[in-house]
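Numbering (the working numbering), first residue to last: 18 to 187. Note that CB positions come from ideal geometry on N, CA and C, so glycine has one too. Fair warning: this is a prediction, and the values are worked out from it, not measured in the lab.
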């Protein structure tokens, strides 16, 4: 499969944290911090949209977030081939981990039924590669639902570290 680069929708202007660099352990700890913030929030459940090139740490972040959410069964890794995995958090909240990498466009994304989960205010959603679907990303950003846009990248000259920047909307 050809390499797919993460594309920014270029529309996020809400609160942004400065980019940080981190090791894999620090990335896992940061995922726990994001989950703690989401748990403390009132109202609709958050979406964590994970962006970045292949190998940047999206699935690592997602597995750490699932663990922090108290998912009771072994996380199934990236759902690249299954498209989505559904779990229950330790508090009984529905958690969806989706990966749009293999989908060919907005129509195929809609055909999977994932959009229903993406808009469900009672579910926590982790979505890798949503940036490949700019119409859906723009609609989500304007939806008023709480979203954490988590952009991961590589650190030049240090293969063991990643950059991570979080922007909030909704």
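CA-CA distance, residue 157 and residue 67?
14 angstroms
Straight-line Cα distance separating residue 41 from residue 172:
12 angstroms
How many Å lie between residue 161 and residue 58 at the Cα?
14 angstroms
Where the alpha helix (DSSP H) containing residue 76 begins and where it ends:
For residue 76, the enclosing alpha helix (DSSP H) stretches over residues 75-85.
Within the continuous alpha helix (DSSP H) that includes residue 119, where are the two ends?
Taken as a continuous stretch (DSSP letters only), residue 119 belongs to no alpha helix (DSSP H), as it is neither H nor E.
In terms of alpha-carbon separation, which member of 46, 60, 73 lies closest to residue 180?
When only C-alpha atoms are compared, the closest one is 73.
Please confirm whether residue 155 has its beta-carbon closer than 7 angstroms to some beta-carbon of chain B.
Note that chain B does not occur in the displayed structure, where there is just one protein chain.
Taking only the alpha-carbon atoms, compute the straight-line gap between residue 184 and residue 167 and give it to the nearest angstrom.
Taking the straight line from one Cα to the other gives about 7 angstroms.
Give me the Cβ distance between residue 79 and residue 164, rounded to the nearest whole Å; I'm assuming they're in contact under 8 angstroms.
That belief does not hold up - the Cβ atoms of residue 79 and residue 164 are roughly 15 angstroms apart, past 8 angstroms.
Could you pull the DSSP bridge partners for residue 49 from this structure?
Paired residue(s): none; residue 49 is not in a bridge.
Nearest residue (CA-CA) to residue 154, options 122, 51, 169:
122
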